[in-house]
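Take a look at the structure below.
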Amino acid sequence: MSAGTVQEALDRADSRHWTRNPPRSLQARLGYLLKQHHGDTVALANLLSLTPTELDALRTAKQTPAEHPVHQAAEREVVRAWQPQVRRRAHATIVANGGQMMVSFRACFGFAATAGSSDDPRLRYLTLHLEAPYPAALFDARHGDAPESELHALLGDALGASYFFQHRKPGPGETALQDIDFLEFYF
Numbered sequence: 119m120s121a122g123t124v125q126e127a128l129d130r131a132d133s134r135h136w137t138r139n140p141p142r143s144l145q146a147r148l149g150y151l152l153k154q155h156h157g158d159t160v161a162l163a164n165l166l167s168l169t170p171t172e173l174d175a176l177r178t179a180k181q182t183p184a185e186h187p188v189h190q191a192a193e194r195e196v197v198r199a200w201q202p203q204v205r206r207r208a209h210a211t212i213v214a215n216g217g218q219m220m221v222s223f224r225a226c227f228g229f230a231a232t233a234g235s236s237d238d239p240r241l242r243y244l245t246l247h248l249e250a251p252y253p254a255a256l257f258d259a260r261h262g263d264a265p266e267s268e269l270h271a272l273l274g275d276a277l278g279a280s281y282f283f284q285h286r287k288p289g290p291g292e293t294a295l296q297d298i299d300f301l302e303f304y305f
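Numbering-wise, our numbering comes out as the position in the sequence shown, counting from 1, plus 118.
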């Protein structure tokens with residue numbers, strides 16, 4: 119699974135703390151997700167961009183082509199929902215021990231400035247250490263099901279504080295993080 123969003127990258131980092139492996143087959147994943155949605159096939163079908171009829175057919179099918187888009191969607195949703203208590207305990211431990219987190223990324227990163235200026239964001243590949251309070255803020259936003267735009271803005275501020283402003287907190291939106299190509303958290 120590749121992380122295309124901040125939420126997916128956080129979920130992927132959380133998977134390193136799991137105590138059990140999630141379901142692997144499509145039918146087992148769909149069964150788990152259906153259980154998480156209290157048997158509501160319409161809600162699950164909407165989440166996976168399917169019709170309820172297609173969802174029922176996939177649940178009973180012996181084989182589904184590996185390139186079918188539902189495989190990635192089901193994996194993403196299982197990873198997002200798997201072992202929430204283990205995830206929260208790991209986050210609480212990290213925050214209690216100083217909230218240290220590493221992030222590696224490749225993206226256009228720099229000061230929010232007019233296009234063409236010397237401060238214009240440029241493609242960078244960096245690994246940075248995020249200091250408190252940013253990991254706690256990212257975890258709180260993730261637990262609160264914050265939209266991707268909010269997670270993205272929090273990460274941009276955290277990276278700006280770590281890379282550009284070691285002695286002061288940046289203002290909101292002072293740094294720009296755009297066109298994320300690669301993103302991975304380590305905690």
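Every residue gets a Cβ at the ideal spot worked out from N, C-alpha and C, and that includes glycine.
Contact annotation, residue 128 with residue 260: C-beta distance approximately 5 Å; criterion of less than 8 Å satisfied. Secondary structure at residue 225: strand, using DSSP grouped into helix, strand and coil. Each residue's CA atom was taken as its position, placing residue 179 and residue 272 some 42 Å apart. Look at residue 303 here: in three-state DSSP terms it is strand.
In the three-state DSSP reduction, residue 242 falls in the strand class (E or B).
Annotation for residue 257: the continuous alpha helix (DSSP H) segment containing it runs 252-261.
Nearest neighbour of residue 183 by Cα position, chosen from 194, 143, 157, turns out to be 143. In the structure shown, residue 182 adopts coil according to DSSP, grouped into three states.
Taken in chain order, the whole alpha helix (DSSP H) runs of length 4 or more contained in the segment 127-178 are 144-154, 159-165, 170-178. In the structure shown, residue 296 falls within a strand segment according to DSSP collapsed to helix, strand and coil. Within the same chain, 170 come within 7 Å of residue 160 by CB-CB distance, once the 5 residues on both sides are set aside. DSSP places residue 202 inside the alpha helix (DSSP H), whose first and last residues are 202-214.
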